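Working notes, beginning with the structure itself.
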Amino acid sequence: MFPVRRSTTIPLISRQAPAASLLGAVGRASAGRPGLVLVGGDAGVGKTRLVGHVAREAGASGARVVVVHCVDLGQVGIPYLPFTEALAQLQAGVAGPEAAAEVAGLAAERPALWRLLEPGGTAGAEHDERLQLFEGIARSLGAAGEPGHPLVLVVEDIHWADASTRDVLRFLAVRARSENLLVVATYRADDVDRRHPLRPVLAELSRLEHADRIDLGPFDEHELRDFTTALAGRALTAAEFCDVRDRSEGNAFFAEELLEAGPGAGSLPWTLTEVLRTRLERLDPDVQQAVRLASVAGRRVREEVLRAAARQQVGHDVDAALREAVTQQVLVVAGDHLEFRHALLAEVLYADLLPGERIGMHRAYLAALTQQGADGRPLGGPAERAHHAVEGNDLQAALRAAHEAAVAARNLLAPAEELGHREQVLELWDSVPDAGAILGTDLTDAAVAAGEAAAKAGDPERAVRHTEDAVGRLAGDPARQAAMQHVLARRYLDLPEDGGHIESSVGALRSALEILPDPSPDRVWSYALLARLAMALDRDDEARAEARRAVAGARALGEHGALAEALTTLAVLDVADADAAARHLTEATEAAVRAGDVLTEVRCLYSATANRFYAGHLDDAECRAARTLARADELGLTWSTYGVVTLILQEVMLYFRGDLTHRPVGSVPPAWRRVLEATRLYAAVARGDEDAISRGEALNEHWREDGQIALLAGGCLTDACTWAGRYDDALGNAQRVIDHLGKVWDEHFLGGIWISALALAALADAAEADRSSGRAGQAARGSGADQPGGTRDQRMAGRLERADALLARAQETARRGRPRGGVLGPEGRAWLLRAAAEHARLRAVVHGDWAAAAGVWRETVDAFGFGYRYEQARSRYRWAEALLGTGEKEQATTAAAEALAEAEAIGATPLAEAVRALGRRARLGLPMPEGAPGSPAASGGGRDARDGLPELTDREAEVLALVADGLSNRQVGERLYISAKTASVHVSNIMAKLGASGRAEAVSLAHRRGLLDG
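So the sequence shown is numbered by numbering that gives the first Met the number 0: it starts at 0 and just counts up by one.
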């Protein structure tokens, strides 16, 4: 061993680039451009050293620096802990008296923020105060910085952050505008696996424009040599350096500890744990005991708490031991806390404790945390006490503390943490005698509370599980069980998919109404939920009657939550009367707010959005969707059922508007992820993504999870296969969707109109391809109509028969599919016309009746004019094609040009290419993309301006290509919308230019001279 300096005493080595990046972010924050920097890396790589260096540099340049920490308390943390710590520092004046006064003023105005800063505050909280809390935190942090003096908030170890802390971090990042604020968050990359709750948050935050991500890797050999030289005060010998390099693999902390242990060939341990253990074993026994006790608290502990625990554990003063631990740089002083120089030290110490030692030390902390501090309050909160009680095997204390922690989390508007603590209570219940007497409640109420917390936390599956458990425990108490049925029914309705619960819930509620007193709140709620269930089963008359009963009863009893529930159902039932529906939803939203029923509030907001969307009022619907998502985010309900379905509806509206931007799915709950993936296939198919078909096929196995997946993914896959010329695959897939959803939903499900229209398009495209191929006696590549072979006439007859059946199905679905309100909305009407137009196109291909097809396509173009840009452009393209069939070339040119302009504007590549191909065939003179084959830029002014080769006109080149495909003059004429006689003239000119005596020789010569591809 030889003297080694600590890394904290030497200049920063080899991290200049990330340090410069961080200081650049500080500079931008100073100028009013707030930012977020995520610093990730494996344990010991130097994250804290880097941000510490930057914090000192920033402070020296005028920034106000606040460093806070997340702590590891197992699965349930302390809500908002780092932000509570940050605001406490600001209140104490770390950023100056003005910032301290601003925080105090904001807390006085906002009860939710006051409760966060006043641990003794016990007033109840409404869930919709969460926005107030988040905005209070954001404004407090924003007020602490000013131009030239930004606030730099360093949040260490966010891999240990609780769910509410992650929510605030997201809020701050998304809402950043012009504050003089920089947030720097560190995390252990090796701890964040694919199931870690931080992982989707990191992905979401990394996509923000003002967010940066620094991935800190180990030192390379050159950097490690500089680092070890600076620590040792001399260059290591080759053997010493090789030992440190091979063992540390560039990890800064490991390398430092290896040097401290003493370099020498064959003497160094191979693992960091062994190095740290060796180092700690050299400490005095009293010092070892003190740091072992400190490790039980995690990386950092308040000195006051550690001393109180030491008195419980060892019974003597530990001043000398703690002082020596600081001298040896095992612990460092950080304000009123002592913290391990690195978290790995604490982890090694804790891992080496015997089970009995751990239990005793956790109990010492539990006893210490119940003592009063200098401010007259307990030294620790209920979440900390619950953690130490569980680990100390004091189950009664754990039960009590977990219950108190759940109440505290509810008051702090932290539903995920509340759920975690309530589930702790449920787990401990049977192990604690007289648990009900201790808590003043029973197990049923505890399960109901857990279900409510799960619902607010956006976890409907757990909400159902806990509520089912509560109802099941009441088998011997029919009256109380009846009062709980509407709660369970509501939990079932929050699930992404029915799962057979709706019918059973109707029966359970009917039975409950036979028992429940009249009037009573539970009876009113039962009517309200019965109405919603009946509507889900398409029993609209029954639903309307139950909803009206619920409305009358709720108004009489002042039961605002039930009133909101029932009015929302009435609004959906009365969708045909837009004014009545709007009145219902306005009153429902107001009632939900009065009731503090945030789940129903978000449902009301979604219903208002959907009402406008299905009525074809996209502008209004888009505005309402944005407001709904903002409100859901404020309430922490982004991933609740109606938060997610609003997000999916917004995605559909973006597609309708022609926004085909590729957006990653992001941090969507697993229950909804596949639905959103299916929704985004709309844009993928329109863009022409090469993997659209494989993505659609990958969702086939998930059809049974949710009918929406089958409908959306199945329909988009049908469309993608048609664009790819895989007509049989398209038709087969469409039939599978119809068969599957006919069983899962209803034979006349309204989405069947869309699927039928897409299947008809595949039939019409297959017929066109067959006609153009000229293979009258051969099978086309996608024959359709279940005929793998046969003559062209046989195939055409089969397609017509199948098309007649599909159109009849679409029309029957429109009559019997019972759209809400009895009338198809604009989209439904447009797709019904589209089905008729595709049917007319097929008949025109077979029988030449293009005039009839043109008329229906014109109506279809108008029908999609409510805002569906892509489908209107696609319909306009088909209308242009039909107009050409009638000889109306001028009008066809105008329609095709409009379709092409729209397709190019939104990035619909397959559609744009199809319109251009139509323009070339019909010689419409449509603009060609720069550098495309046949454009002046590509050909130098003439198609065949090549030395020694005949110059064919563009039209002659097109005719030659079709002749090479085996088409007759008549078929060439049909394909290019010219007469057979004109086609014959072009063929004669081609043969003359090539010096050929016949068609076959002309094709052969053209191939040899490079005039034909392939």
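The beta-carbon is built from N, C-alpha and C at its ideal position, and this holds for glycine as well. All values derive from a computational prediction rather than experimental measurement.
CA-CA distance, residue i and residue j?
i, j, result
"residue 637", "residue 410", "20 angstroms"
"residue 997", "residue 975", "21 angstroms"
"residue 479", "residue 469", "10 angstroms"
"residue 967", "residue 902", "33 angstroms"
"residue 349", "residue 290", "9 angstroms"
"residue 361", "residue 571", "56 angstroms"
"residue 283", "residue 598", "58 angstroms"
"residue 280", "residue 92", "41 angstroms"
"residue 788", "residue 805", "Its pLDDT being 49, under 50, residue 788 is placed unreliably in this model, and the value from its coordinates should be taken loosely. Using only the alpha carbons, I get a separation of about 22 angstroms."
"residue 16", "residue 214", "12 angstroms"
"residue 1018", "residue 49", "Absent from the structure is residue 1018, since the part of the chain shown begins at 0 and ends at 1013."
"residue 21", "residue 36", "7 angstroms"
"residue 193", "residue 70", "21 angstroms"
"residue 917", "residue 954", "13 angstroms"
"residue 367", "residue 297", "15 angstroms"
"residue 564", "residue 110", "28 angstroms"
"residue 219", "residue 317", "42 angstroms"
"residue 792", "residue 718", "26 angstroms"
"residue 926", "residue 822", "42 angstroms"
"residue 102", "residue 59", "24 angstroms"
"residue 143", "residue 98", "5 angstroms"
Which residues in the same chain as residue i place their Cβ atom closer than 7 angstroms to its Cβ, once the five residues preceding and following it in sequence are excluded?
i, result
"residue 82", "136, 164, 167"
"residue 394", "427, 430, 431"
"residue 300", "293, 336, 337"
"residue 830", "752, 753, 756"
"residue 463", "490, 491, 494"
Within a Cβ cutoff of 8 angstroms, which residues of the same chain sit near residue i, ignoring the five residues on either side of it in sequence?
i, result
"residue 994", "1004"
"residue 1014", "Absent from the structure is residue 1014, since the part of the chain shown begins at 0 and ends at 1013."
Short check: CB of residue i to CB of residue j, under 8 angstroms?
i, j, result
"residue 243", "residue 38", "no"
"residue 614", "residue 824", "yes"
"residue 77", "residue 382", "yes"
"residue 1072", "residue 62", "With the chain represented from 0 up to 1013, any question about residue 1072 goes unanswered, as that position is not in the structure."
"residue 485", "residue 528", "yes"
"residue 986", "residue 962", "yes"
"residue 694", "residue 659", "no"
"residue 559", "residue 593", "yes"
"residue 181", "residue 354", "no"
"residue 577", "residue 549", "no"
"residue 79", "residue 413", "yes"
"residue 920", "residue 950", "no"
"residue 863", "residue 816", "no"
"residue 600", "residue 588", "yes"
Measure how close the beta-carbons of residue i and residue j come, nearest whole angstrom, since I'm counting them as under 8 angstroms.
i, j, result
"residue 116", "residue 106", "5 angstroms"
"residue 68", "residue 11", "Actually they are not in contact, since the Cβ atoms of residue 68 and residue 11 sit about 21 angstroms apart, beyond 8 angstroms."
"residue 872", "residue 855", "Not quite, the Cβ-Cβ distance comes to about 17 angstroms (not below 8 angstroms), so this is no contact."
"residue 505", "residue 556", "At roughly 23 angstroms, the Cβ-Cβ gap does not stay under 8 angstroms, so residue 505 and residue 556 are not in contact."
"residue 449", "residue 465", "4 angstroms"
"residue 700", "residue 652", "In fact, because the Cβ distance is near 28 angstroms, the residues do not count as touching under 8 angstroms."
"residue 542", "residue 567", "Going by Cβ atoms, the distance from residue 542 to residue 567 rounds to 12 angstroms, so no, they are not a contact pair."
"residue 230", "residue 255", "6 angstroms"
"residue 633", "residue 129", "6 angstroms"
"residue 359", "residue 287", "Rounded, the Cβ-Cβ distance is 15 angstroms, inconsistent with contact."
Quick one: what's got a C-beta closer than 6 angstroms to residue i's C-beta in the same chain, skipping five residues either side?
i, result
"residue 650", "678"
"residue 154", "67, 81, 184"
"residue 581", "none"
"residue 972", "978, 979, 982"
"residue 761", "721, 726, 729, 730"
"residue 553", "523, 561, 562"
"residue 19", "none"
"residue 341", "252"
- Message: What ranges does the beta strand (DSSP E) occupy inside the region 494-518, keeping only unbroken runs of at least 3 residues that lie completely in it?
- Response: none
- Query: In the region 453-494, which residue ranges form an unbroken alpha helix (DSSP H) of at least 4 residues, counting only runs that do not cross its ends?
  - Reply: 459-471, 477-492
- Ignoring anything shorter than 4 residues or poking outside the region 193-265, list the alpha helix (DSSP H) runs there in chain order. 197-205, 220-231, 237-247, 251-260
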